[in-house]
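Trainee: Here the sequence shown is numbered in our numbering, starting from 16 and rising by one per residue.
Virtual Cβ for every residue (Gly too), placed ideally from N, Cα, C.
Okay, handing you the structure first.
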Amino acid sequence: MRPRTGEKARRVEKVLYGEEDDGLTESDVGENEMEELILICEDSFEGILTAIYRIYEWKLCDKRVKIQTGASDLCLFAQYREVAPDAECAAKVARTLRRRFGEQAWEAISYALASEEADKSQAVYETVAAGLSGRIRGPLLQALAEPCIHRVFALSRSVHRVRERVLQFLRFQEITGGILYGEIAPDADVLAFVMPHFADRFPLENFVILDERRAAAGIHPAGKAWFLTKLSKQELDTLQQAGRQKDENEQEIEVLFQSFCRSLSILERQNQPLQQQLVPLKYRMHMTEFQKK
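Given below as structure tokens:
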């Protein structure tokens, strides 16, 4: 005997937040089922996962609901509700997705959430809903016939390419105090995926990676765990100014490294279009070998 729709929806709700009820009713989130409900959340990992949690908590699975990061695109015939990020709720969703879909699918979803594309939040929500509904047979990310899953896969692959570029092109320099300092400004929020790589390579070094585009920094104290922090405008300016206070030996090494790179070049075989394809111009502003003295 197949379960009734209400029972099936109830099972999915239990997966995310259990039996507890916070007393919310449908009137709290809109009575008109024909009207689209748009949840506006923070454009962050925690913000989007919290919005997904609220959809199941408020029993909106069977309604016309959409997740939107920011309020840039407003629709006239829709109801809006803001969702504040909640670390505990986001952690519950993360645990559920890892348990139900496996580490590979969770990694792909995490990378998709780091994209700057406007439709990432809706694509991730629809992918999660499809997986929890039980209609996807086999590994979740292999069901590419589903438009939402195909989109998450494409976003994940794109962000993964950005991460690989950052790993290749990030240049550290030693500043006053013996701290290694590097700046990036990638097209996706990959700082959290870059930090483990360098923490593994430089476990006994104090280093800082600054994402100036998002005013965020990854900090690794020597011999300790790394962490991320958001920066105010003043903190960002202070950190960038500190990054310009290079050690005396560092300046000499930079000159030698630039001379080495120039000596490798064969003038008759220069191919600027190919060079720009392999090392895009947007990455060169932070690369030592392309800095002009």
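Taking 8 Å as the threshold (C-beta atoms), are V167 and D202 in contact?
Mentor: no
Trainee: By how many angstroms is the C-alpha of I164 removed from the C-alpha of A158?
Mentor: Going by the C-alpha atoms only, they are around 7 Å apart.
Trainee: Can E263 be considered in contact with the ligand GTP, in the sense that its beta carbon sits closer than 7 Å to one or more heavy atoms?
Mentor: This structure lacks the ligand GTP, and indeed carries no ligand of any kind.
Trainee: Figure out for me which residue from S59, L54 and I55 has the closest Cα to the Cα of V205.
Mentor: When C-alpha distances from V205 are compared across S59, L54 and I55, the shortest belongs to S59.
Trainee: In three-state DSSP terms, what is D58?
Mentor: coil
Trainee: Buried or exposed: G192, going by 16 or more other Cβ atoms within 10 Å of its Cβ?
Mentor: exposed
Trainee: Check each candidate in I124, G149 and F222 and name the one with the smallest Cα separation from V139.
Mentor: I124
Trainee: From what residue to what residue does the beta strand (DSSP E) around L195 run?
Mentor: I194 to I199
Trainee: Strictly by DSSP, which residues pair up with D226?
Mentor: I199 and A231
Trainee: Please state whether the Cβ-Cβ distance between I53 and C90 is less than 8 Å.
Mentor: yes
Trainee: Report, in whole angstroms, the separation of the C-beta atoms of A93 and E50, which I expect to be a contact under 8 Å.
Mentor: The distance from the Cβ of A93 to that of E50 is about 7 Å, consistent with a contact at the 8 Å cut-off.
Trainee: Please go through the same chain and pick out, in chain order, the residues whose beta-carbon is closer than 8 Å to the beta-carbon of H212, but skip the five residues on each side of it.
Mentor: Around H212: L182.
Trainee: First and last residue of the beta strand (DSSP E) that includes R96?
Mentor: A93 to V98
Trainee: Taking all protein chains shown into account, do 16 or more other C-beta atoms lie within 10 angstroms of the C-beta of D226, making it buried, or fewer, making it exposed?
Mentor: buried
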